[in-house]
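Under my numbering, the first residue of the sequence shown is numbered 215, with each subsequent residue one higher.
Structure first, commentary second.
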Amino acid sequence: MARPAARRRLWDRVTGTTYPDRGVVPLPAPEVRAALLALDGPDVPFRVRNALPAEKADLVAEWRVPELDLTLRTRMRFVPGKCEVLTLDERWDRSPEHGGRRYGRGPSTAVSRRWTYERDPDGRRRRVETFRFDSRDMRRPLLGAVLGAGWTWRGVLVRW
215 MARPAARRRL
225 WDRVTGTTYP
235 DRGVVPLPAP
245 EVRAALLALD
255 GPDVPFRVRN
265 ALPAEKADLV
275 AEWRVPELDL
285 TLRTRMRFVP
295 GKCEVLTLDE
305 RWDRSPEHGG
315 RRYGRGPSTA
325 VSRRWTYERD
335 PDGRRRRVET
345 FRFDSRDMRR
355 PLLGAVLGAG
365 WTWRGVLVRW
């Protein structure tokens, strides 16, 4: 028995599952893999690489942000029969309670900005942004490559 559509959509929101537009013809798995690996480069803050055997995935996108003592990792596993990419979003950051590292998983958005005050040429004090971080800067290109290939981005919350 299938679940009601409203319930499916709620679970999709919890897991971060996104579907491609109707009418987009799914590409073969090697082309999806190539599109994701092509995102890696010197002008992006994260890297996309082949997964290690212990990671139990096909590809991994990873972003280390030393200013925040933060590591984001998205493990991706291809399911060619369903034209889906299963994704597990993981996050390691500093715990505000005890100062140690903490682990979390599931889709989440993290945004951080830092400013300083400087004087402009007229002598007026103005706020200048010195640091900016938005976790969506990694997720959007990955999601765009998968959906553009006609595949479903299916978030999972449990480790595989």
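All C-beta atoms, glycine included, are put in the ideal place defined by N, C-alpha and C.
Please read all numbers here as calculations on a predicted model, not as lab measurements.
Give the secondary structure of glutamate 245 by DSSP, where H, G and I count as helix, E and B as strand, and everything else as coil. In the structure shown, glutamate 245 sits in a helix (DSSP, three-state: H, G or I).
With a Cβ-Cβ cutoff of 8 Å, do proline 321 and aspartate 303 count as a contact? In this structure, aspartate 303 lies closer than 8 Å to proline 321 by Cβ.
Using 10 angstroms around the beta-carbon of arginine 247, count the other beta-carbons present and answer buried if the total reaches 16, otherwise exposed. Buried, since its Cβ has 16 or more Cβ neighbours within 10 Å.
What is the DSSP secondary structure of alanine 252, reduced to helix, strand or coil? Here alanine 252 carries a coil assignment [DSSP, helix/strand/coil].
Rank Lys296, Ala275 and Pro294 by C-alpha distance to the C-alpha of arginine 287 and give the top, closest one. Nearest Cα to arginine 287 within the set Lys296, Ala275 and Pro294: Ala275.
Any contact between the segment 242-256 and the segment 328-346? By contact I mean 3 or more CB pairs, one from each, below 8 Å. Judged by Cβ distances under 8 Å, the segment 242-256 makes no contact with the segment 328-346, as fewer than three pairs qualify.
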